[in-house]
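One line per chain: the protein sequences are A and B, in this order. All letters in the first sequence, in the order written, are residues 1 to 385 by UniProt numbering. All letters in the second sequence, in the order written, are residues 1 to 486 by UniProt numbering. C-beta atoms are modelled at their ideal positions from N, C-alpha and C, and glycine is treated no differently. Since the structure is predicted, the reported quantities are computational estimates derived from the model, not experimental observations. Read the structure below first, then the notes.
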Amino acid sequence: MEPRSEAELAEAVAGAAGPLRVVGGGTRPIGAPVAGDPLPVAGLAGVSLYEPGALTLVAAAGTPLAEVEQTLAVEGQRLGFEPMDHRPLLGRAGVPTIGGVAAANVSGPRRIQAGACRDSLLGVRFVDGRGAVLKNGGRVMKNVTGYDLVKLMAGAFGTLGVLTEVAFKVQAIPETEATLVATGLDAGEAVDRLSAALGSPYDITGAAHLGPGCGAPEARTVVRIEGLADSVRYRAGALKSALGGDWQVIGDEASAALWREVRDVAPFAAGDAPVWRVSVKPSDGPVLVAVLEQAGLAKRAILDWGGGLVWVEVDDDPGDGGAAAIRDELARLGGHATLVRGSDALRARVPVFQPEPAPLAAISAGLRAKFDPRGILNPGLMGRC
Amino acid sequence: MEMPIPDPAVVARKARLVERLAAVLPADAVIHDDAETRAYECDALTAYRCPPLVVVLPASTREVSEVLRICHDEGVPVVPRGSGTSLAGGALPTADCVLLGVARMTGVLEVDYPNRFVRVQAGRTNLSVSGAVEEEDFFYAPDPSSQLACAIAGNVAMNSGGAHCLKYGVTTNNLLGVTMVLMDGTVVELGGAHLDAGGLDLLGVVCGSEGQLGVVTEATLRILRKPEGARPVLMGFDSNEVAGACVADIIRAGILPVAIEFMDRPCIRACEAFAGAGYPDCEALLIVEVQGSDAEIDAQLARIMAIARTHDPVELRESESEEESARIWLGRKSAFGAMGQINDYMCLDGTIPVSSLPFVLKRIGEMSAEYGLDVANVFHAGDGNMHPLILFDANRPGDLETCEAFGAEILKLCVEVGGCLTGEHGVGIEKRDLMLHQYAGADLEAQMAVKDVFDPDWLLNPAKVFPLSVSDTRRTGRRTGRQTAA
Ligand SMILES: Cc1cc2nc3c(=O)[nH]c(=O)nc-3n(C[C@H](O)[C@H](O)[C@H](O)COP(=O)(O)OP(=O)(O)OC[C@H]3O[C@@H](n4cnc5c(N)ncnc54)[C@H](O)[C@@H]3O)c2cc1C
Ligand SMILES: Cc1cc2nc3c(=O)[nH]c(=O)nc-3n(C[C@H](O)[C@H](O)[C@H](O)COP(=O)(O)OP(=O)(O)OC[C@H]3O[C@@H](n4cnc5c(N)ncnc54)[C@H](O)[C@@H]3O)c2cc1C
Numbered sequence: 001m002e003p004r005s006e007a008e009l010a011e012a013v014a015g016a017a018g019p020l021r022v023v024g025g026g027t028r029p030i031g032a033p034v035a036g037d038p039l040p041v042a043g044l045a046g047v048s049l050y051e052p053g054a055l056t057l058v059a060a061a062g063t064p065l066a067e068v069e070q071t072l073a074v075e076g077q078r079l080g081f082e083p084m085d086h087r088p089l090l091g092r093a094g095v096p097t098i099g100g101v102a103a104a105n106v107s108g109p110r111r112i113q114a115g116a117c118r119d120s121l122l123g124v125r126f127v128d129g130r131g132a133v134l135k136n137g138g139r140v141m142k143n144v145t146g147y148d149l150v151k152l153m154a155g156a157f158g159t160l161g162v163l164t165e166v167a168f169k170v171q172a173i174p175e176t177e178a179t180l181v182a183t184g185l186d187a188g189e190a191v192d193r194l195s196a197a198l199g200s201p202y203d204i205t206g207a208a209h210l211g212p213g214c215g216a217p218e219a220r221t222v223v224r225i226e227g228l229a230d231s232v233r234y235r236a237g238a239l240k241s242a243l244g245g246d247w248q249v250i251g252d253e254a255s256a257a258l259w260r261e262v263r264d265v266a267p268f269a270a271g272d273a274p275v276w277r278v279s280v281k282p283s284d285g286p287v288l289v290a291v292l293e294q295a296g297l298a299k300r301a302i303l304d305w306g307g308g309l310v311w312v313e314v315d316d317d318p319g320d321g322g323a324a325a326i327r328d329e330l331a332r333l334g335g336h337a338t339l340v341r342g343s344d345a346l347r348a349r350v351p352v353f354q355p356e357p358a359p360l361a362a363i364s365a366g367l368r369a370k371f372d373p374r375g376i377l378n379p380g381l382m383g384r385c
Numbered sequence: 001m002e003m004p005i006p007d008p009a010v011v012a013r014k015a016r017l018v019e020r021l022a023a024v025l026p027a028d029a030v031i032h033d034d035a036e037t038r039a040y041e042c043d044a045l046t047a048y049r050c051p052p053l054v055v056v057l058p059a060s061t062r063e064v065s066e067v068l069r070i071c072h073d074e075g076v077p078v079v080p081r082g083s084g085t086s087l088a089g090g091a092l093p094t095a096d097c098v099l100l101g102v103a104r105m106t107g108v109l110e111v112d113y114p115n116r117f118v119r120v121q122a123g124r125t126n127l128s129v130s131g132a133v134e135e136e137d138f139f140y141a142p143d144p145s146s147q148l149a150c151a152i153a154g155n156v157a158m159n160s161g162g163a164h165c166l167k168y169g170v171t172t173n174n175l176l177g178v179t180m181v182l183m184d185g186t187v188v189e190l191g192g193a194h195l196d197a198g199g200l201d202l203l204g205v206v207c208g209s210e211g212q213l214g215v216v217t218e219a220t221l222r223i224l225r226k227p228e229g230a231r232p233v234l235m236g237f238d239s240n241e242v243a244g245a246c247v248a249d250i251i252r253a254g255i256l257p258v259a260i261e262f263m264d265r266p267c268i269r270a271c272e273a274f275a276g277a278g279y280p281d282c283e284a285l286l287i288v289e290v291q292g293s294d295a296e297i298d299a300q301l302a303r304i305m306a307i308a309r310t311h312d313p314v315e316l317r318e319s320e321s322e323e324e325s326a327r328i329w330l331g332r333k334s335a336f337g338a339m340g341q342i343n344d345y346m347c348l349d350g351t352i353p354v355s356s357l358p359f360v361l362k363r364i365g366e367m368s369a370e371y372g373l374d375v376a377n378v379f380h381a382g383d384g385n386m387h388p389l390i391l392f393d394a395n396r397p398g399d400l401e402t403c404e405a406f407g408a409e410i411l412k413l414c415v416e417v418g419g420c421l422t423g424e425h426g427v428g429i430e431k432r433d434l435m436l437h438q439y440a441g442a443d444l445e446a447q448m449a450v451k452d453v454f455d456p457d458w459l460l461n462p463a464k465v466f467p468l469s470v471s472d473t474r475r476t477g478r479r480t481g482r483q484t485a486a
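As C-alpha cells, then:
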C-alpha cells in the first residue's frame, strides 16, 4: 500500500481493517511504539504553490523537507520556525517530510521569536480515521473562519488524521547573523543573562545554554541576532554592553553551524541514553536540571528558548528513564516533558507524553473518538486512549 | 437574521434560575430587570438586538464555575461576553440565555519580566494589559483597533489581530495559557507560562472558537520588550495595481515592516476631509512602518524607499518627526470615524492572498457600480486582510438589504481567489450563513465535532459560527423552531 494521491490515501484509510502506522520519512519515531500496517505518505509529494511576494508555500505532506527548503532558498526565503532534524539525535536515516514536521509540530531555536511550527502553519488538508477528506484554514496569514483545527492537527502526531497537504507562512532569510558566546557560566547565571537578552529591545532570535560536555568541555551560553548587516553589528554591540561580562562575537558560518548544533541537539547524537524534551517557564529550566543532577540522573543538559526548553540526557538506571523524577518535579513547577529518545521497551513502559489531568484527558480521548472512531491512526502513540 | 426561537420552558423557569444564581453570586451581580438587561442586548453589530433572560457578572473563576454548573443543570444557554465590541454579533444574546459578562474580572494576577509573561483576568482590556507592563518598557503585541475597550476574553475568543500583526502575529501567537470553565462547571488549565503544548494543542483550538467551547476566566500572555523606536513612510501611487506590486516587492526584498496599511481613493478622500492629515490626492496610499534604533530605521527605510521609487510614486514622504509620524497615522486611524461622518457603513473583514489585491479591488469597483453603493477600502496589506466599507443609508428602505447582499458577494470573492471570509472579526451570526462557501459540509462537521466534545449539549453561545441548517440536529431537542431577531 503506497498511496500516490489524496484520493488513494483516503481509500486506503477507509478500507483499512486494522491499525495503521503513519510514516512520513521514518525519521522521528517519537511516541509509544505503534503496532500497525505502515501507511506511507511519501507518495504524496511536491510543492503545489509558492508565492514569494505573499510569503506562502503549499506542499503535499510527503514532500521532503529538503525540497521545501531548497525551493524557498532560491528566493532567499526559509521556514521561520527552524525545524529540527531529529536524525542525528535518534540515529535514523531517511528523508524527513514536511508533513512529519507539521504532525510533530517540530520547531527549533527561533521558536522564541518566530513562533512554533504551528504558528506558521496556515492550512491543512487531511484524511480522518474514516477516510473522509477534510480541510481547515487556508493559505492566507489571517483567518478566523470557524475553529482553528490547524493548531489541533499540528502536534497530533497523526493520531487525529493523516495530513495530505500543508500551507506554510515563510520568511526572508536575513542578510546576516551573529552570535554572542560566553563560556563557563552555570545554568542559573546563564538563564539570567538569556532573560536579560530576551528582555532587551534587540530582537534576539536564539538564546541557549549548552552545559559542560555538550560539544565543548566548558559550558557555552549563546545569543543570536539576525538581520541587515549594519543592524546586526549595532545590536550585537549594544547587547554586549547591556549584558556585561565576557562575550565573544562569532558570525556567518561559525554562527550558523553553532545553531544547527543547538537545533538538532547534536551533542547528544549517537548515544542511546534516554533523552527528554521538557517545556517549562525559562527560570525553572536550571531548577529542573539541578534537581535531576542531585538525584544523579542528569548526565548532560542543553537549555534552549532562553531556558524554557530543556533537553536532558539521563541514566536509564531507575528503569523508567527518569520519568518519575522529572514528572514529580514538573508537578511542582508546571510544564510538560516528552521522552524523545528511548528504547522501544522504555517507550512502551512509561508515558512518552505528559499525562493529562482527568478532564483534559477526557477531552483528548473525546476528540480522538470523533476524528478516528475506529482508533486506527497511530493508536496509542500519544498515550492510552 | 434568523435566530432560534427561545425555549419557552427555559423562559418560564426564569424566577427559579434567578434565585439559584443569586444564591452563588453577590446581589448586584445578577441582573434580571428588563430595563437593565437591555443594556446587553447587542454588541458592536448593532443591527441585531435581543435582550438576554438574565445577565450575570461574576468576579472569579469559582463564581463562573458555579454559574455554569447551574445553567448546565437547568439546560440554559449561556452567551459569554467581554466588552461587547464584536463586529460579527458574536456576543448577541438570545431571549432564553444567561449572558455571562466578565467585565468585573479585570485583575492583573502576575507580572513576570524575566520569564516575559503576564497573567490577567479575562475581562481586562487589551490596552490595559500593555499598561500593566509599561513601566519596564514591555508591551502586549496584538493591538486590535478596539484595544481601548475590548477585553482579552473577546480577543482570545475571536483570535483578534491588529495593525502590527504582520510582525508580531495575532492572539493565538501570543497566548501561552488560559484558565477556562467548561459548560458543566469543570475548571481546566490549558498551557501555562511555558511555550508549546503538551499533548494535543487544545489551547490552539480554544483560541478563536468564539465562546463556544468554554468560558475563559484567566489568560497567560507573552509580553515583549518595546522596540527602540518606530517611523512610518507615506507613499502615494496612481493605481491600486502599482501599490499592490510595491507591497509584494517590499516583502520579497526580505524587509519585514511592522505594518503596511493600504487605503484606496475614496478612503483617502474621506480621511483627509475628516482628519486633515495632509494626504496626497491619489489612487492608492501606503503607510509602511519599521522599527529599531534610529540607524536601523534609516537603513530599512532607505531600502523601502528605493523599492518604492521604482514604482513611480506620486508622493514619497518619510516622517521627519514624532509629530509628523502621528499625523501620517492620524488619517488611517480615523478611517472608521471618517466614513461614519459621511454615511452609515458596513465594515467587512475578508482576507485574500496579497497577489490578488489588484484584481479584487477592480472587481469590488465593478460590483460597487452594479449595486449602486460606494465602497471605500482600507486594510492591512502585508497580510491581505481587507476591510471594505460599504456606504449606505440606513433610513432608506432596502438599502441595508442591498448592502448585505453586496457584502456577501465581496466575501465570496475573497474565498474564490483563495482567501477567507473573516481575517479578524470572526463569524458570529454575521457570516454564519456564508460558511458553506468556504467549507464543505464535512469540514464543518469536523469543526462541530470539536464542540460536541467540549459542550455536548450545545449550550455555550449556540446559533453562532455554523449555519443554522447544519447545526440544527445538534440543537434540536432543545430548540425546535426559529424566528427572526429584530
Ligand atoms: C515495531 C516498529 C517498527 C518500525 N519500523 C519502522 C521502519 O521499518 N521504518 C521506519 O521508517 N520506521 C519504523 N518505525 C518507526 C515508526 O515508523 C515511527 O514511530 C513513525 O510512525 C514513523 O514516522 P516518521 O518516522 O516517518 O516520522 P516523520 O515523518 O518525521 O513523522 C513524525 C510523526 O508524524 C506522523 N506523520 C508523518 N507524516 C504524517 C502525515 N502526513 N500526516 C499525519 N501524521 C504524519 C508520524 O506518524 C510520526 O508520528 C517502527 C516503529 C515500530 C514500533
Ligand atoms: C471600532 C472597532 C475596531 C475593531 N478593530 C479590530 C481589529 O483591528 N482587529 C480585530 O481583530 N478586531 C477588531 N474589532 C472587533 C472586536 O473588537 C474584537 O473581536 C474583540 O476581540 C472583541 O472583544 P470583546 O471583549 O469586546 O468581546 P465581545 O464582543 O464581548 O465578545 C466577542 C466574542 O467573544 C466571546 N467571549 C467573550 N468573553 C468570553 C469569555 N470569557 N470566554 C469565552 N468567550 C468569550 C463572545 O461570546 C463572543 O463570541 C474591532 C471592533 C470595533 C468596534
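Beta-carbon gap between residue i and residue j smaller than 8 Å
i              : j              : result
P274 (chain A) : L194 (chain A) : no
G285 (chain A) : A167 (chain A) : no
S160 (chain B) : P142 (chain B) : yes
V181 (chain A) : R235 (chain A) : no
V242 (chain B) : L286 (chain B) : no
Residue burial classification, residue i (beta-carbon count within 10 angstroms, cutoff 16)
i              : result
E102 (chain B) : Sequence inspection shows Val at residue 102 (chain B); the Glu mentioned does not correspond to that position. So V102 (chain B) counts as buried.
Q300 (chain B) : buried
N155 (chain B) : buried
S283 (chain A) : buried
E134 (chain B) : exposed
G441 (chain B) : exposed
D85 (chain A)  : buried
V11 (chain B)  : exposed
T476 (chain B) : exposed
S241 (chain A) : exposed
G481 (chain B) : Only weak support is given to the placement of G481 (chain B): the predicted model assigns it a pLDDT of 45, under 50, and the question is left unresolved by the model.
R479 (chain B) : Caution is warranted here: a pLDDT of 47 is assigned to R479 (chain B), below 50, making its placement in the model unreliable, and the coordinate value is therefore given only provisionally. Per the 10 Å Cβ criterion, buried.
Residue i - DSSP class collapsed to helix/strand/coil
i              : result
W305 (chain A) : helix
M153 (chain A) : helix
P174 (chain A) : coil
G271 (chain A) : coil
H209 (chain A) : strand
D230 (chain A) : helix
P142 (chain B) : coil
Identity of the residue in the options nearest residue i by Cα
i              : options                        : result
L361 (chain B) : B:D137, B:M105, B:S239         : B:S239
G131 (chain B) : B:P114, B:A153, B:N115, B:T106 : B:T106
G161 (chain A) : A:R368, A:M382, A:S107         : A:R368
L221 (chain B) : B:A405, B:F138, B:A335         : B:F138
Contact list for the segment 429-440 of chain B against chain A, Cβ threshold 7 Å: Those residues of the segment 429-440 of chain B that come within reach of chain A (Cβ to Cβ, closer than 7 Å) are M435, Q438, Y439.
Chain A contacts from the segment 189-218 of chain B (Cβ-Cβ distance under 7 Å): Going along the segment 189-218 of chain B in chain order, one finds G192, A193, H194, L195, D196, A197, G198, G199, L200, D201, L202, G204, V205, C207, G208, S209 with a Cβ nearer than 7 Å to chain A.
Residues in the segment 49-78 of chain A having any Cβ partner in chain B nearer than 9 Å: Those would be L49, E51, P52, G53, A54, L55, T56, E75, G76, Q77, in chain order.
Members of the segment 220-245 of chain A that neighbour chain B once the beta carbon cut-off is set at 7 Å: Within the segment 220-245 of chain A, the qualifying residues are L228, D230, S231, Y234.
Members of the segment 223-240 of chain B near chain A, C-beta cut-off 7 Å: Going along the segment 223-240 of chain B in chain order, one finds R225, K226, P227, E228 with a Cβ nearer than 7 Å to chain A.
Cβ-based contacts, 8 Å cut-off: residues of the segment 250-267 of chain B near chain A: Under the 8 Å Cβ criterion, the segment 250-267 of chain B contributes I251, R252, A253, G254, I255, L256.
Chain B contacts made by the segment 135-148 of chain A, where a contact means CB separation under 8 Å: Taken in chain order, the members of the segment 135-148 of chain A whose beta-carbon sits within less than 8 Å of a beta-carbon on chain B are K135, N136, G138, R139, V140, M141, K142, N143, V144, T145, G146, Y147, D148.
Within 8 Å of chain B by C-beta, residues of the segment 92-115 of chain A in sequence order: So the list reads N105, S107, R111, I112, G115, given in the order they occur along the chain.
Chain-ordered residues of the segment 110-137 of chain B with a beta carbon less than 9 Å from chain A: Considering only beta carbons, the part of the segment 110-137 of chain B lying closer than 9 Å to chain A consists of D112, Y113, P114, N115, R116, F117, E136, D137, in chain order.
Members of the segment 163-177 of chain A that neighbour chain B once the beta carbon cut-off is set at 8 Å: Taking 8 Å as the Cβ-Cβ cut-off against chain B, the residues of the segment 163-177 of chain A that qualify are Q171, A172, I173, P174, E175.
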